[in-house]
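Before any comments, here is the structure.
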Amino acid sequence: MRRRRLPPSLLAGAILVGIVVAAAAISLFWTPRDPGHVVVSDRLRPPGYAGSLLGTDQLGRDELSLLMAGARNTLLVGVVTVLIAMALGVPVGGLAALYRGPLEEVAMRSTDVLLAFPALLLAILFAAVFRPSTITAMAAIGLAFVPIFARVVRGAGLQVMEQDYVTAARTFGSRGGWIFWRHLLPNVNAVIIVQAALAFAVAILAEAALSYLGLGTPPPTPSWGRMLSESQSYLDQAPLLALWPGLCIALAVLGFNLLGDGLRDLLDPRLVERLPQTQG
Amino acid sequence: MREPALEVRDLRVRVGTLEAVHSVSFTLERGLRTGLIGESGSGKTLTALAVMGLLPDGLGASGSVLYEGRDLLQMAEAELCRLRGDRLAMVFQEPMTALNPVMRVGDQVAEPLRIHRGAGRGAAGRQAVQLLERVQIPDAAEKTRAYPHQLSGGQRQRAMIAMAMACSPDLLIADEPTTALDVTVQAQILGLINRLVEEEGATLLLITHDLPVVAQVCEQVMVMYGGYIVEEGPAAEVFDRPRHPYTRGLVDAIPPLDQDLPERRLRAIPGNVPALGEFPEGCPFRNRCPRADWRCQVMPALTGEQHKVACWHPVA
Amino acid sequence: MSGPALFQVNGVSRRFRLPRTSFRHAPATLTAVDRVTFELHEGESLGVVGESGSGKTTLMRLLLGLERPDEGTVDYRGASLRREVQAVFQDPVSALDPRMRVADIILEPVRVLHLPGDREKTLRELLEAVGLPQGSARRYPHEFSGGQRQRVAIARALAPRPRVLLADEPVSALDVSVRAQILNLLQDLREGYQLTLVLVSHDLSVVRQMCDRVLVMYRGQVVEAAETRALFRAPRHHYTRTLLDSVPTLRKRRAASR
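Protein chains in written order, with my numbering: chain V, 339 to 618; chain R, 80 to 395; chain D, 63 to 320.
Right, dumping it as structure tokens:
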């Protein structure tokens, strides 16, 4: 008798992620103030000043509006980087598991090369060659995550290839393509989803770090990481300014991590099928 | 009637809100070999684990299991630990998972001696070699230094038996000890268990789904289905003249090896073994039984003299 | 009893190179199948008996074309190996893709082989043939018991209308009370679909029940090949005799109790 209980981590993660997504979505139509509206005379005001819930930044812009707009950037980066990583990593890992042999060696060793480059280093490289921008940041982080997806998919894929239903499929003439799309991918879905959620969390953190270093999203697009960096200079005048973006990053990362863990708990036991225990 | 080695009374095992073992009562006579037959969902392994106090977390047992006048179910864990490995021993189905893969075989076999007899490393090591020789592992001295993966399946099982018998226990419970083994190896292991149990005068509880194995080893047999004991008696009696329709079905379903083939088709029991919690009310077998009727909505008690059966419509 | 030869296996060997265990010595080779020769005739039921390491599973994979022999030839005399030779495997859990509905599982061979015909009708007939309710088609493997899953696997094997069915330990992983059902089913289907059956098993009593002829394998070699009745009555090779003596039966009781 299988009973599915929603893991608490899943619920908590979903709520946190939901808040970020909601903030981003709402910011498309409405923010308390125009985030780009500069009022130099109102710079570095404390929370509650003239309807500004969280205060203003060094250019007099409303902090809350900036954070909401920044959520869009955060989600964009997360989504694009994970998509890039999946688009490259999943086929590489899947084909490695499917065909084994020299193809597997080449595929996995190539991704190992990528593994040697920390995301930051790749970003600096890209930023030096091209201009620092959100796109270079996303490309760099995405590439850096390719090996993770490749490994995870290969690992899970190998298990799938050992199942009798794959052997049976070969018996009636299935070719690689059929097995890949019909059997391998659907059965590694669960690990991909879990990994995507976790990668999302790391991507957010990576982008924040890059923006903090000035290698990520350039102004005027609001970015939590850059907001954090800029707030450093004003720590004595408006210390709370450093708190808000940092808190947002932390909660978003936490949210995606919890979501990933919760999904893992939810999806993995289901993969172990219920079967009356034969022989004991 | 010999003195009882183990008396189980009204044993119930709960898995969450479901009861997996229903009011099981039986007595194991000292020195006798008893087989416990059952398939999945019968509750046979849970019964054994309950006796040994090894039920996993989340499962609860009630009733009493009397060993030398003391109730094992009421005993503190520390006390039980003293008995386990010393007076009560267990052998499992998968020797590869029952043996520690990163510990040398000799050390594992010696472990009970060190724990219960206080033997030092050297003395225990020497005894381990003797034990391995007793279970007929070739090159015993060399094998003590080997790791489990370096032994064959049959040798691992022998090592596990050696470990179980190290302190000459009163009671040996063997849960599917030969199911994972090849048939020729199985024959050797069963012979080994037979011999050792007889030499030590130990009481054996052999748990398996394999009827012929029980026929080969045991004097008494109990048949479990859906958490109940449905038939009990001398092995020869139960197999020659089974009274419960389930037992009868099991016996009929085995393709004979040493008789003339009566017909091309086997007499099969219809239906499937239900999952826990999906057995019907009353007699758990009634939705598969050709003899079931309205009376079977209530579970009959186990009745009889030597050969007992729990059925409203016993065969023959 | 037997028609023309469907399979001709001649001097077939298959070796595997084991991983290195030391720097100095070359890796060892395992000869899984060692110079095996036999024929499979249409309509017969052939048992392949052996313990672990006997090579019976590798032999089956050679027949299915999943492995190529290192020596010798495996010759299928029919029209299309992929369509006419199907298999049922031991483990009912891994036999079915947990993400696919039963209908898709059973019809998969028909799709892959691009076979013509009314698929709905084929599905209905197959479900009926293996004794599963029609509603099973919409459900997923995890909703079924081991015996039922094996029925699905058998239905899948029958979907392309094969001539030969290879069954590798088809009932070993099933509950004892269900085994006889599946064996009876295989027997019925063999007659109904006129199948040639190859049954690979370690269980001698099953082979005796189901097969006309038996090959006994030991360490990759066929040590004895004979008609079932003759083999069980008067085994010639010592391994066969050891095997028969080792099998416990209900009659072979231990000596009376003390």
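Just so it is clear, CB atoms sit at the ideal spot from N, CA and C, and this is done for glycine as well. It should be emphasised that the depicted structure is a prediction, and the values quoted were computed from it without experimental measurement.
1. Going by beta carbon distance, what residues of the same chain come within less than 7 angstroms of HIS299 of chain D, once the five residues before and after it are set aside?
2. Taking all protein chains shown into account, do 16 or more other C-beta atoms lie within 10 angstroms of the C-beta of GLY65 of chain D, making it buried, or fewer, making it exposed?
3. In angstroms with no decimal places, state the Cα-to-Cα distance between LEU343 of chain V and ALA129 of chain R.
4. Given that LEU305 of chain D touches chain R, what residues does it touch there, using C-beta distances under 7 angstroms?
5. Could you please give me the residues that DSSP links to ALA123 of chain R through a beta bridge?
6. Can you tell me the Cα-Cα spacing of VAL192 of chain D and ARG149 of chain R, whole angstroms?
7. Does the beta carbon of VAL268 of chain D sit closer than 8 angstroms to a beta carbon anywhere in chain R?
8. Leaving aside the five residues before and after ARG241 of chain D along the sequence, list all residues of the same chain whose C-beta is less than 7 angstroms from its C-beta, in chain order.
9. When you compare only the Cα positions, how much space is there between SER104 of chain R and ARG303 of chain D?
10. Ordered along the chain, which non-local residues of its own chain (more than five positions away) have a Cβ less than 6 angstroms from that of VAL302 of chain R?
11. Just reading off the beta strand (DSSP E) that TYR280 of chain D is part of, what are its end residues?
12. Note down, in chain order, every chain D residue with its Cβ under 7 angstroms from the Cβ of GLY328 of chain R.
13. Name the one or two DSSP bridge partners that GLU108 of chain R has.
14. Taking the straight line between their C-alpha atoms, what separation do you get for THR106 of chain R and ARG322 of chain R?
15. Output needed in chain order: residues of the segment 97-110 of chain D with a Cβ under 7 angstroms from some Cβ in chain V.
16. Check the DSSP bridge columns for GLN148 of chain D and list the partner residues they point to.
17. Does the structure place the segment 399-415 of chain V close enough to the segment 533-545 of chain V that three or more beta carbon pairs sit under 8 angstroms?
18. Chain D partners of ASP337 of chain R, CB-CB under 8 angstroms?
19. What number of angstroms, rounded off, separates the C-alpha of VAL94 of chain R from the C-alpha of ILE252 of chain R?
20. Assuming PRO194 of chain D and VAL214 of chain D are in contact, meaning their beta carbons sit under 8 angstroms apart, how far apart are those beta carbons, in whole angstroms?
21. According to DSSP, is PRO203 of chain D part of a helix, a strand, or is it coil?
22. Which residues share a DSSP beta bridge with THR263 of chain R?
23. Is ARG91 of chain R helix, strand or coil when you go by DSSP?
24. So that I know if they touch, is there some Cβ in chain D lying closer than 8 angstroms to that of PHE510 of chain V?
25. Using a Cβ-Cβ distance under 8 angstroms, would GLN243 of chain D count as near chain A?
26. Looking only at its chain, what residues have a beta carbon closer than 7 angstroms to the beta carbon of ALA219 of chain D, apart from the 5 residues adjacent to it on each side?
27. Listing by chain order, which chain D residues have their CB less than 7 angstroms from the CB of PRO524 of chain V?
28. If you pair each beta-carbon of the segment 151-160 of chain D with each one of the segment 76-94 of chain D, do three or more pairs fall below 8 angstroms?
29. Can you pull the chain D residues whose beta carbon is under 7 angstroms from the beta carbon of HIS521 of chain V, in chain order?
30. Rounded to whole angstroms, what's the CA-CA distance from PRO180 of chain R to PRO217 of chain R? Just pull it up for me.
31. Could you name the residues that DSSP lists as bridge partners for LEU284 of chain R?
32. Is there a Cβ of chain D sitting closer than 8 angstroms to that of GLN295 of chain R, yes or no?
33. For the putative contact between GLY495 of chain V and LEU536 of chain V, defined by C-beta atoms under 8 angstroms, what is the C-beta separation to the nearest angstrom?
34. Using the beta-carbon of each residue, which ones in chain R are nearer than 9 angstroms to HIS17 of chain D?
35. If we call anything under 8 angstroms between Cβ atoms a contact, is ARG371 of chain V one with SER347 of chain V?
36. Could you check the C-alpha separation between ALA168 of chain R and VAL144 of chain R for me, to the nearest Å?
On the basis of the coordinates in this document:
1. Indexing the third sequence from 1 puts residue 299 of chain D at position 237. VAL278, VAL285, GLU286, listed in sequence order.
2. Translated into the one-based positions of the third sequence, residue 65 of chain D becomes position 3. GLY65 of chain D should be labelled exposed.
3. Your numbering for residue 343 of chain V matches position 5 in the first sequence. Your numbering for residue 129 of chain R matches position 50 in the second sequence. Before going further, note that residue 343 of chain V is Arg rather than Leu in the sequence given. Between ARG343 of chain V and ALA129 of chain R, the C-alpha separation is close to 28 angstroms.
4. Numbered from 1 along the third sequence, position 243 holds the residue referred to as residue 305 of chain D. Neighbours of LEU305 of chain D on chain R, chain order: VAL262, THR263.
5. Numbered from 1 along the second sequence, position 44 holds the residue referred to as residue 123 of chain R. Reading the sequence as shown, one finds Lys at residue 123 of chain R and not Ala. Answer is none; LYS123 of chain R lacks a bridge partner.
6. What you label residue 192 of chain D is simply residue 130 of the third sequence in a count that begins at 1. What you label residue 149 of chain R is simply residue 70 of the second sequence in a count that begins at 1. Approximately 53 angstroms, taken between the alpha carbons.
7. Mapped onto the third sequence, residue 268 of chain D falls at position 206. Cβ-Cβ to chain R under 8 angstroms: yes for VAL268 of chain D.
8. Counting from 1 along the third sequence, the entry for residue 241 of chain D is found at position 179. Cβ within range, chain order: VAL233.
9. In the second sequence, residue 104 of chain R corresponds to position 25, counting from 1. In the third sequence, residue 303 of chain D corresponds to position 241, counting from 1. Distance between the alpha carbons of SER104 of chain R and ARG303 of chain D is about 42 angstroms.
10. Locating residue 302 of chain R in the second sequence gives position 223, counting from the first residue. These residues qualify, in order along the chain: ILE116, VAL309, GLU310, THR326.
11. By 1-based counting over the third sequence, the position of residue 280 of chain D is 218. Note, TYR280 of chain D: beta strand (DSSP E), 275-280.
12. By 1-based counting over the second sequence, the position of residue 328 of chain R is 249. Ordered by position in chain D, the residues that pass the 7 angstroms Cβ test against GLY328 of chain R are SER239.
13. Numbered from 1 along the second sequence, position 29 holds the residue referred to as residue 108 of chain R. DSSP lists R:PRO83 as partners of GLU108 of chain R.
14. Within the second sequence, numbered from 1, the residue matching residue 106 of chain R stands at position 27. Within the second sequence, numbered from 1, the residue matching residue 322 of chain R stands at position 243. Looking at the two C-alpha atoms, the distance is approximately 20 angstroms.
15. none
16. Here residue 148 of chain D is taken as the residue at index 86 of the third sequence, counted from 1. Paired residues: D:LEU227.
17. yes
18. Locating residue 337 of chain R in the second sequence gives position 258, counting from the first residue. By Cβ distance, chain D contributes THR311, ARG313, LYS314.
19. As a working mapping, residue 94 of chain R is identified with position 15 in the second sequence. As a working mapping, residue 252 of chain R is identified with position 173 in the second sequence. Their Cα atoms are separated by approximately 22 angstroms.
20. Position 132 of the third sequence, counted from the start, is the residue given in the question as residue 194 of chain D. Position 152 of the third sequence, counted from the start, is the residue given in the question as residue 214 of chain D. Note that residue 194 of chain D corresponds to Leu in the displayed sequence, not to Pro. Between VAL214 of chain D and LEU194 of chain D the Cβ distance is about 7 angstroms, and since that is below 8 angstroms, they are a contact.
21. Residue 203 of chain D sits at position 141 when you count from the first residue of the third sequence. Here PRO203 of chain D sits in helix by DSSP.
22. On the second sequence, residue 263 of chain R is found 184 positions in, with the first residue counted as 1. Partner(s): none; THR263 of chain R has no beta bridge.
23. On the second sequence, residue 91 of chain R is found 12 positions in, with the first residue counted as 1. In this structure, ARG91 of chain R counts as strand in the three-state DSSP scheme.
24. For the purposes of this step, residue 510 of chain V is taken as residue 172 along the first sequence, with counting starting at 1. PHE510 of chain V counts as touching chain D.
25. This model lacks chain A altogether, as its protein chains are V, R and D.
26. Mapped onto the third sequence, residue 219 of chain D falls at position 157. GLN148, ALA149, VAL150, LEU227.
27. To locate residue 524 of chain V, count along the first sequence from 1; it is residue 186. Here the neighbours are ARG161.
28. no
29. As a working note, residue 521 of chain V is residue 183 in the first sequence. The answer, in chain order, is ASP159.
30. To locate residue 180 of chain R, count along the second sequence from 1; it is residue 101. To locate residue 217 of chain R, count along the second sequence from 1; it is residue 138. Their backbone Cα atoms lie some 20 angstroms apart in a straight line.
31. As a first step, residue 284 of chain R is located in the second sequence; it is residue number 205 there, counting from the start. According to DSSP, LEU284 of chain R bridges with R:THR113, R:ILE252.
32. Here residue 295 of chain R is taken as the residue at index 216 of the second sequence, counted from 1. Closer than 8 angstroms to some Cβ of chain D, the Cβ of GLN295 of chain R qualifies, so yes.
33. One-based indexing of the first sequence puts residue 495 of chain V at position 157. One-based indexing of the first sequence puts residue 536 of chain V at position 198. Rounded, the Cβ-Cβ distance is 18 angstroms, inconsistent with contact.
34. Here chain D has residues from 63 to 320 only, and residue 17 of chain D is not among them.
35. For this step, residue 371 of chain V is matched to residue 33 along the first sequence. For this step, residue 347 of chain V is matched to residue 9 along the first sequence. No.
36. Counted from its first residue, the second sequence places residue 168 of chain R at position 89. Counted from its first residue, the second sequence places residue 144 of chain R at position 65. So the alpha carbons of these two residues sit roughly 15 angstroms apart.
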